[in-house]
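Here's the structure we're looking at; comments come further down.
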Amino acid sequence: MKISKEMQKALIEMDAPPGFEANKDDPRFYLSFEDREALEENTDYKIYKTNLLTGYTAALFKLLKDKVEIVCFSPRLAVVLRSPDLKIKNLETKQLEQFPSEKYWKTYKSAFINGQDYFNENFRPVDKLIYGDNSKELVQRLDRFAFSEHVKNYSSQGWSFVTKQEPFLITHRTIYTHGFYSGAFQSVLMFAKDHREVFQKWGSALTGHARKDDKKNNPFPRIFKDGYAWEMFTELADPLMELKKNLVDWSFIYRAMQMDDADLIYKDIGNSEFKRWLEDEKFVTLESDFKTYNNSRNEQRVSNYRKTRESYQEESKWINDSKVY
């Protein structure tokens, strides 16, 4: 899967990585807030999550299906792909359905292999070059793509976004994207491991890189203050996911989190950008502009917002003063 420089640049604007074949029949399966909490009680999830906090090398969730070693860096996604009896809601039919994990496993597996090919054909240096005069530049380039290069819809986290984002809208596009970049990230980790002395010499984050804390991860740092704000948003949005459109409720969530003294949604995130993000992430497509705070608030919405916010207050350490009344 050799990709030209022009194609590399174009990847930033693509909705899915190369090799993805769009299918009109790509239903949205939705892991509700309750589903996510239940999955987090799963024994495998707890093991995966613990491993992830010790470092990426220890966090390789190896799915040994079909005698092929495929790695998944998302505890939740790993459990979903391994669960033959999981029932979750299909947002197209609005019915609780048996999740066809085998189909999505095949999508993930294909994407993972394509991601490995993508790394090997476009980024993997020849072994003798990694020890040559340009070794520092080569190591820095790999670090950049692994941890800071922009990936469509995932901010500037590089391929490592797969270790931070726990998808709850499950489509073949989502699964393919995670599988592809997991393949690329796994490949660069293994390359760094095989040439540890060079990567250590130049202070690469790829050598023994571990998360520095166990705080909730924020997959969209451009939008949300922190991982707690992101999780609070998903909890508020949860009841709206079955509705095709509900402009007033979406307006209230956006306005309330933005006007909150804790800046839960950053104030420079404009109406158009947030609507586009909602559409890109398959939450909802809204044709009209958001209503103002005063035109979207009511007693029930305010009460629900403040109750939800309070549940995150102690752990998040947000400023305990909200303008949402």
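According to this note's numbering, numbering within the sequence shown proceeds without interruption in unit steps and concludes at 1383.
Note that CB positions come from ideal geometry on N, CA and C, so glycine has one too.
Residues that residue i bridges to, as DSSP identifies them
i            : result
residue 1156 : 1145
residue 1227 : 1088
residue 1327 : Partner(s): none; residue 1327 has no beta bridge.
residue 1282 : 1323
Rounded distance between the beta-carbons of residue j and residue i, thought under 8 angstroms
i            : j            : result
residue 1188 : residue 1253 : 5 angstroms
residue 1227 : residue 1094 : Not really, about 12 angstroms apart at Cβ, beyond 8 angstroms.
residue 1277 : residue 1341 : Not really, about 14 angstroms apart at Cβ, beyond 8 angstroms.
residue 1106 : residue 1133 : 4 angstroms
residue 1332 : residue 1240 : Their Cβ separation, rounded to whole angstroms, is 28 angstroms, which puts residue 1332 and residue 1240 out of contact at 8 angstroms.
residue 1322 : residue 1365 : Residue 1322 to residue 1365, Cβ: 15 angstroms. No contact.
residue 1091 : residue 1296 : 4 angstroms
N- and C-terminal bounds of the alpha helix (DSSP H) containing residue i
i            : result
residue 1193 : 1193-1205
residue 1276 : Looking at the DSSP string, residue 1276 is not in any alpha helix (DSSP H), and its letter there is neither H nor E.
residue 1215 : Note, residue 1215: premise wrong, no alpha helix (DSSP H); not H, not E.
residue 1342 : Segment: none, residue 1342 is in no alpha helix (DSSP H) and carries neither H nor E.
residue 1355 : No alpha helix (DSSP H) contains residue 1355, which DSSP labels as neither H nor E.
residue 1312 : 1305-1317
residue 1254 : 1254-1259
residue 1188 : 1185-1188
Residue i vs residue j beta-carbon contact at 8 angstroms
i            : j            : result
residue 1230 : residue 1084 : yes
residue 1264 : residue 1204 : yes
residue 1177 : residue 1246 : yes
residue 1281 : residue 1324 : yes
residue 1256 : residue 1317 : no
residue 1328 : residue 1238 : no
residue 1138 : residue 1159 : yes
residue 1166 : residue 1233 : yes
residue 1244 : residue 1129 : yes
residue 1303 : residue 1336 : no
residue 1235 : residue 1074 : yes
residue 1182 : residue 1249 : yes
residue 1262 : residue 1201 : yes
residue 1288 : residue 1194 : no
residue 1346 : residue 1298 : no
CB contact below 8 angstroms: residue i versus chain D
i            : result
residue 1168 : Among the protein chains of the structure shown there is no chain D, as only one such chain exists.
* With contact counted as at least three CB pairs below 8 angstroms, one residue from each stretch, are the stretch 1096-1105 and the stretch 1305-1312 in contact? -> The stretch 1096-1105 vs the stretch 1305-1312: no contact.
* Is the stretch 1215-1222 touching the stretch 1144-1158, taking contact as three or more C-beta pairs under 8 angstroms? -> Cβ pair count under 8 angstroms is below three, so no.
* **Sufficient close CB pairs (3 or more, under 8 angstroms) joining the stretch 1288-1301 to the stretch 1343-1352** => Counting Cβ pairs under 8 angstroms, fewer than three are found: no touch.
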